[in-house]
Amino acid sequence: MRVISGSAGGIPLKAPSHDIRPTMDMVRGAIFSSLGDLVIGARVLDLFAGSGAFGIEALSRGAAEAVFVDDDSKSIETIRFNLAKTRLDGKIIKDDAFRFLKTFDTPFRLIFADPPYARHAGDRDYAVELLASKDLSVAVEPEGILVVERFPIKKEADSSLWKVLRAKKYGKTEVIFCVLKS
Numbered sequence: 001m002r003v004i005s006g007s008a009g010g011i012p013l014k015a016p017s018h019d020i021r022p023t024m025d026m027v028r029g030a031i032f033s034s035l036g037d038l039v040i041g042a043r044v045l046d047l048f049a050g051s052g053a054f055g056i057e058a059l060s061r062g063a064a065e066a067v068f069v070d071d072d073s074k075s076i077e078t079i080r081f082n083l084a085k086t087r088l089d090g091k092i093i094k095d096d097a098f099r100f101l102k103t104f105d106t107p108f109r110l111i112f113a114d115p116p117y118a119r120h121a122g123d124r125d126y127a128v129e130l131l132a133s134k135d136l137s138v139a140v141e142p143e144g145i146l147v148v149e150r151f152p153i154k155k156e157a158d159s160s161l162w163k164v165l166r167a168k169k170y171g172k173t174e175v176i177f178c179v180l181k182s
């Protein structure tokens, strides 16, 4: 895993030493290619941050600010390490993503969410919870974009808050780009 492009392009990133699945470089590269210039000068939120790869990639490509939220101590330690290694600055918050969304102060242009996957019936589906969260809907700027990585689903669930602009599958991963419904 590495930073794909920008000021820290090519620098390898460490993954936390617990059970996470870092986003493949190819997938992250495709996401950022789709976002293009929206990243430049953006205020970015990296929810369920893990290694911090999404926020670090955004900073490397010219984002003005990145906030990293994760509730795991090993992830927080890894994000600190990766920011130091890339010589980038970001705000790191150790908190539950849903609790954080109740306390933020300024909306974000880009929000990346890579929650644990719900693979089996009965598993908590963080992606569905996020798409239903009114707190998340006020955390994004009116013209902002939410990018959610999740386990692929057969049929898109109807969301009263979000319009899916694009959904792309990469093996056992699906990435959806969403905007607020007007």
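Going by this note's numbering, the first residue of the sequence shown is number 1, and it counts up by one from there.
Even glycine gets a Cβ: it sits at the ideal position worked out from N, Cα and C.
When L88, R124 and K168 are compared, the shortest CA-CA separation from A53 is found for L88. Our two residues, M24 and V3, have alpha carbons roughly 11 Å apart in a direct line.
If you draw a 10 Å sphere on the C-beta of E143, you find fewer than 16 other C-beta atoms in it, and that means exposed. For K134, the enclosing alpha helix (DSSP H) covers residues K134 to A139.
Straight-line measurement puts the Cα of V44 at about 11 Å from the Cα of E141. Where L59 is concerned, there is no enclosing beta strand (DSSP E), although the alpha helix (DSSP H) around it starts and stops at A53 to S60.
In this structure, K91 lies near V67, with their beta-carbon atoms less than 8 Å apart.
K172 carries a coil assignment under DSSP once its states are collapsed to helix, strand and coil. Per DSSP, reduced to three states, the secondary structure at A84 is helical.
Straight through space, the alpha carbons of A139 and T106 are spaced by roughly 7 Å. Following the DSSP letters along the chain, one finds D25 inside the alpha helix (DSSP H) bounded by residues D25 to L35. When DSSP states are grouped into helix, strand and coil, A118 belongs to the coil group.
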